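Engineer: Supplied in structure tokens, the structure appears directly below.
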Amino acid sequence: MAFAAIGSNSTQTEQVPRRRSKVAIILLLPGLAYLALFFLTPLVSLVMTSLQTPVEFGDVGQYQAAFQIENYAIVVGAYWPHFLRAFGYALAATFFALVISYPLAYFIGVKARRWPLLQALMLTLVIAPFFISFLLRTLAWKQLMSDDSGLVSALKTLTILPADGHLTGTAFSVIFGLTYNFLPFMTLPIYTTLERLDTRYLEAGADLYASPFTTFWRVTVPLSMPGVVSGTLLTFIPASGDYINASASFLGSAQTQMVGNVIESQFISLLNYPQASALSVLLMGLILLIVALYVKRSGTEDLL
Amino acid sequence: MSSMPKSLPEDPIIRQLVMQARKSQLSRRHLLQGAGVGATALALAACAPSGGNAPQPATDVSDTDKSLTWSNWPAYIDEDDSGDYPTLINFESSTGIKVDYKIDIDDNNTYYGTIKDQLALGQDTGADTFCLTEWMVARLIRFKYVQELDAANIPNKKNLTPALLNPDFDPGRKMSLPWQNGFAGIAWNTEQIPAGLESVDDLWDPSLKGKVTVLSEMRDTMGILMLSQGVDIASGDWGADEYAKAIELLEKQVTSRQISGIKGNEYMQDFVSGDATAAIAWSGDITVLNAEAGFEKWKFALPDSGGTLWGDTFVVPMGSPRKKNAEILMNYYYEPEVAAEVAAWVNYITPVEGAQAVAAEMFPEVADNQLIFPNEETLSQAHIFRTLDTADDQAFNAEFQRVKLGA
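So the sequence lines, in the order shown, correspond to chains R and F.
Quick note, our numbering runs 186 ahead of the 1-based positions in the first sequence.
Quick note, our numbering runs 161 ahead of the 1-based positions in the second sequence.
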């Protein structure tokens, strides 16, 4: 649904003639079958796993079908701080990504229109990090922020960081990693809306004695909202479920663990599939809820 | 996990009988419980490793397919300056078996997590043999996930150190064969800590705040912490209380940020980058780091309260169609000359008898190295973490993970 928001136009839905055709249904079938097979089936399986209970006298990782709703209560009781942290970090990362991406997208999409080559080059640069593995890039940041790195020494010399301070393993490094890793997901949707921004609107604003700021706020921002909404969704949703950046092996520590790390630990280390599934179902539900509220508040239901 | 199973008698025969007796009663109750959930759930439950129709060994194609994939831990085989493995090259040229050596294990649980579904279905996991730690191998054998080895293909098995021949999970070593044994102890940066460390308590010195890492291998970290609290981890006379005390210590050091991370082999990167100056570490890793640094930058020791002794063991998963090739490989590494060459490089304890005599001639500098060829005095300092029953295993691991997650 987030992709649909990219560059969709709120007026076009009314113009579509309301005529049901068999062709449309037949064309939809592969998509529906795909959804049923690759979305519904795993979802049902996930929900059922989340209600399983250990086989009595069973071995590690052995569970059986049941209706153990307590699994949910247990994981909420034990890991609610990890949910809060996940959404807090994801929110912060989304905010910073927006602050960085908007001017960038504006420059590429509006200011650089006169130089198509520059525009293409800059877009390539935005996507370029994807050519290198996500894990390697995150590890590289871990090295750059390590205690013996020039960055940390400089910050300590400037007394921004206390003498025994660290960058890695802090909330700062995790939010930094999330922002960095999901930045293109924010930049590209905003770029696609700004790229089609009709600059005559801006001229009209100026002709009507609006200050550049007012024009930006009243004209550019509303017109780019579809991009902003999809960009924030594309950043927030994967960021809140991320477990790489916050992992102690990458940029995090025991104090920065997000709900994704809990799910990983429950699933891989403890083979506690019911609790891992319960956490996943909850995470999914909470994200849906947050996204629904957000979309409702930003008044963009018709975009999705 | 609200209802932890009641503990069963330790004796395996009585245990079996009790389980049999309870089975009929259990299955009825669980059928009722599960009735509302539907058939799909039952189908899914069938995927769980619950015995029944255990996977069968794959048909061996070793005679026609001269290849082999071997998964192992980092810094765990002899390596020359160009990144090749001399003993493996020698093996390939003498047997004609092409070996794909993969370094893709850095944590027992993580590796198990990535291959467990194939194991349960008896499918090829992508590795014909891998070396996991004994407690995990015990689980693989219990679940019937690994093939029985053909002793006829491994005549050099006679060189196995007798003390390792009859572990409780595999008497006679029918399914497994040790690769290396080693110590977990304490290690430190000699430039930052010239005075060195002696005890586990030295790790909690305020000057090391945020510079200490411990292993994500629960038995090594918790074993060393319990030893420092005076618990004999090899004996059966400790339980949840002693474990809880050690967890409390770990949690305190993690919460106060004395310990910066609980990790697998990645602590080596932290040593190199300067993020860690002291650690609970594996003996051989430190030698490898020093070899890369070019001098003895780091030092490893067993703490005064003792370290842990662990073993990593070859197994062949059910789905591997190249068991014989794997057996030929094991046989090769049980030649004392080959074992000595590996030991001299990886600096772990070789399970092969006769390797020390060879090493005394070929690599005199390592023959006296206590970390490779420990004498009785050193071995008395190292302890094997006792085998845990399933309930304790799960409960102890859950506690360890809880601290790791900061929950």
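Even for Gly, the Cβ is constructed at its ideal location relative to N, Cα and C.
Computed from a prediction, not measured in an experiment: that's the story for all the values here.
Going by the CB atoms, is the gap between residue 534/F and residue 543/F shorter than 8 Å?
Structural biologist: Sequence index remark: in the second sequence, residue 543/F carries index 382 (1-based). Sequence index remark: in the second sequence, residue 534/F carries index 373 (1-based). No.
Engineer: Hey, is residue 334/R's beta-carbon within less than 8 Å of any beta-carbon in chain F?
Structural biologist: Residue 334/R sits at position 148 when you count from the first residue of the first sequence. Yes, residue 334/R counts as interfacial toward chain F.
Engineer: Kindly indicate which residue of 303/F, 436/F, 320/F, 469/F has the alpha-carbon position closest to the one of residue 493/F.
Structural biologist: As a working note, residue 493/F is residue 332 in the second sequence. Ranking the options by Cα distance to residue 493/F, first place goes to 320/F.
Engineer: If you follow the alpha helix (DSSP H) that residue 486/F is in, where does it begin and where does it stop?
Structural biologist: Here the question's residue 486/F lines up with position 325 in the second sequence. It spans 484-494 - the alpha helix (DSSP H) in which residue 486/F sits, taken as one unbroken run.
Engineer: Name, in chain order, the residues that DSSP records as bridge partners for residue 221/F.
Structural biologist: Here residue 221/F corresponds to residue number 60 of the second sequence, with the count starting at 1. Residue 221/F is not bridged to any residue.
Engineer: Output, in sequence order along the chain, the residues in the segment 304-334 of chain R whose CB is closer than 7 Å to any CB in chain F.
Structural biologist: So the close ones are 329, 332, 333, 334.
Engineer: Please state the DSSP three-state secondary structure of residue 257/R.
Structural biologist: Stepping through the first sequence from its first residue, residue 257/R is reached at position 71. In the structure shown, residue 257/R sits in a helix (DSSP, three-state: H, G or I).
Engineer: Under the three-state reduction of DSSP, which class applies to residue 442/F: helix, strand or coil?
Structural biologist: For the purposes of this step, residue 442/F is taken as the residue at position 281 of the second sequence. Reduced to three states, the DSSP call for residue 442/F is strand.
Engineer: State yes or no: is the beta carbon of residue 376/R nearer than 8 Å to at least one beta carbon in chain F?
Structural biologist: As a position in the first sequence, residue 376/R is number 190, starting the count at 1. It does not: the Cβ of residue 376/R has no partner Cβ on chain F nearer than 8 Å.
Engineer: Does the segment 260-276 of chain F touch the segment 231-248 of chain F, meaning 3 or more C-beta pairs lie closer than 8 Å?
Structural biologist: Yes, they touch.
Engineer: Is the separation between the beta-carbon of residue 526/F and that of residue 311/F shorter than 8 Å?
Structural biologist: If you number the second sequence from 1, residue 526/F lands on position 365. If you number the second sequence from 1, residue 311/F lands on position 150. No.
Engineer: Ignoring anything shorter than 3 residues, give me the beta strand (DSSP E) runs that lie fully in the segment 349-411 of chain F, in order along the chain.
Structural biologist: DSSP runs (the beta strand (DSSP E)) wholly in the segment 349-411 of chain F: 373-376.
Engineer: Less than 8 Å between CB atoms is the rule here; does residue 191/F satisfy it with respect to chain R?
Structural biologist: Here residue 191/F is taken as the residue at index 30 of the second sequence, counted from 1. Note on residue 191/F: pLDDT 46, under 50, position unreliable in the model; the coordinate value appears next. Residue 191/F counts as touching chain R.
Engineer: When Cβ atoms are compared, which residues of the segment 268-281 of chain F fall closer than 7 Å to chain R?
Structural biologist: Residues passing the 7 Å Cβ filter: 270, 271, 274.
Engineer: Do residue 146/F and residue 424/F have their C-beta atoms closer together than 8 Å?
Structural biologist: Only positions 162 to 568 of chain F appear in the structure, and residue 146/F is not among them; the question remains open.
Engineer: Check residue 231/F in the structure and name its three-state DSSP category.
Structural biologist: Residue 231/F sits at position 70 when you count from the first residue of the second sequence. Correct three-state label for residue 231/F: strand.
Engineer: Please classify residue 227/R as buried or exposed, where buried requires at least 16 neighbouring CB atoms within 10 angstroms.
Structural biologist: Stepping through the first sequence from its first residue, residue 227/R is reached at position 41. With fewer than 16 other Cβ atoms within 10 Å, it is exposed.
Engineer: Between residue 271/R and residue 429/R, what straight-line distance do the alpha-carbon atoms span, to the nearest angstrom?
Structural biologist: Translated into the one-based positions of the first sequence, residue 271/R becomes position 85. Translated into the one-based positions of the first sequence, residue 429/R becomes position 243. Rounded to whole angstroms, residue 271/R to residue 429/R spans 12 Å at the Cα level.
Engineer: Along chain R, in chain order, which residues have C-beta atoms closer than 8 Å to that of residue 423/F?
Structural biologist: Taking the second sequence and counting its residues from 1, the one referred to as residue 423/F is at position 262. Result: 434, 440.
Engineer: Hey, how far is the Cα of residue 290/F from the Cα of residue 339/R?
Structural biologist: Taking the second sequence and counting its residues from 1, the one referred to as residue 290/F is at position 129. Taking the first sequence and counting its residues from 1, the one referred to as residue 339/R is at position 153. Cα-Cα distance, rounded: 46 Å.
Engineer: Verify the CB distance criterion: does residue 258/R have a CB-CB separation below 8 Å to chain F?
Structural biologist: Along the first sequence, read from residue 1 onward, the residue named residue 258/R stands at position 72. So no, residue 258/R is outside the interface.
Engineer: Starting from residue 551/F, find everything on chain R with Cβ-Cβ shorter than 7 Å and list it in chain order.
Structural biologist: Residue 551/F sits at position 390 when you count from the first residue of the second sequence. Correct list: 245, 246.
Engineer: Would you kindly work out how many angstroms separate the C-alpha atoms of residue 433/R and residue 349/F, rounded to a whole number?
Structural biologist: As a first step, residue 433/R is located in the first sequence; it is residue number 247 there, counting from the start. As a first step, residue 349/F is located in the second sequence; it is residue number 188 there, counting from the start. The straight-line gap from Cα to Cα measures roughly 24 Å.
Engineer: Ignore the nearest five residues each way along the sequence and tell me which others in residue 279/R's own chain have a CB closer than 7 Å to its CB.
Structural biologist: Here the question's residue 279/R lines up with position 93 in the first sequence. The answer, listed in chain order, is 361, 364, 365, 368, 421, 425.
Engineer: Residue 445/R to residue 389/R, Cα distance in whole Å?
Structural biologist: Along the first sequence, read from residue 1 onward, the residue named residue 445/R stands at position 259. Along the first sequence, read from residue 1 onward, the residue named residue 389/R stands at position 203. If you take the alpha carbons of residue 445/R and residue 389/R, they lie about 48 Å apart.
Engineer: If you count every other CB in all the chains shown that lies within 10 Å of the CB of residue 360/F, and 16 or more means buried, which is it?
Structural biologist: Walking along the second sequence from the start, residue 360/F turns up at place 199. Counting Cβ neighbours within 10 Å, residue 360/F comes out exposed, since fewer than 16 surround it.
Engineer: So for residue 454/F, helix, strand or coil by DSSP?
Structural biologist: Here residue 454/F is taken as the residue at index 293 of the second sequence, counted from 1. Of the three classes helix, strand and coil, the one that applies to residue 454/F here is helix, per DSSP.
Engineer: List the residues of chain F that residue 453/R touches, going by C-beta distances under 9 Å, in chain order.
Structural biologist: The count along the first sequence starts at 1 and reaches residue 453/R at position 267. Ordered by position in chain F, the residues that pass the 9 Å Cβ test against residue 453/R are 274.
Engineer: Take the Cβ of residue 241/F as the centre, count every other Cβ of all protein chains shown within 10 Å, and call the residue buried at 16 or more, exposed below.
Structural biologist: In the second sequence, residue 241/F corresponds to position 80, counting from 1. Its Cβ having fewer than 16 others within 10 Å, residue 241/F is exposed.
Engineer: Less than 8 Å between the C-beta atoms of residue 373/R and residue 291/R, yes or no?
Structural biologist: Locating residue 373/R in the first sequence gives position 187, where the first residue counts as 1. Locating residue 291/R in the first sequence gives position 105, where the first residue counts as 1. Closer than 8 Å, so yes.
Engineer: Let me know the secondary structure DSSP gives residue 403/R once reduced to three states.
Structural biologist: Taking the first sequence and counting its residues from 1, the one referred to as residue 403/R is at position 217. Three-state result, residue 403/R: helix.
Engineer: Would you call the segment 428-444 of chain F and the segment 321-341 of chain F touching, i.e. three or more CB-CB distances under 8 Å?
Structural biologist: No: fewer than three Cβ pairs fall under 8 Å.
Engineer: Fully enclosed by the segment 267-345 of chain R, which alpha helix (DSSP H) runs are 4 residues long or longer?
Structural biologist: Counting only runs of 4 or more, we get 302-313, 320-330, 336-343.
Engineer: Which residues bound the alpha helix (DSSP H) around residue 463/R?
Structural biologist: Taking the first residue of the first sequence as position 1, residue 463/R is located at position 277. Segment 459-483, the alpha helix (DSSP H) holding residue 463/R.
Engineer: Check whether the Cβ of residue 448/R lies closer than 8 Å to any Cβ atom in chain F.
Structural biologist: Your numbering for residue 448/R matches position 262 in the first sequence. Taking Cβ atoms only, chain F reaches closer than 8 Å to residue 448/R, which makes this a yes.
Engineer: Among 362/F, 417/F, 345/F, which residue has its Cα nearest to the Cα of residue 376/F?
Structural biologist: Here the question's residue 376/F lines up with position 215 in the second sequence. Residue 345/F is the option with its Cα nearest to residue 376/F.
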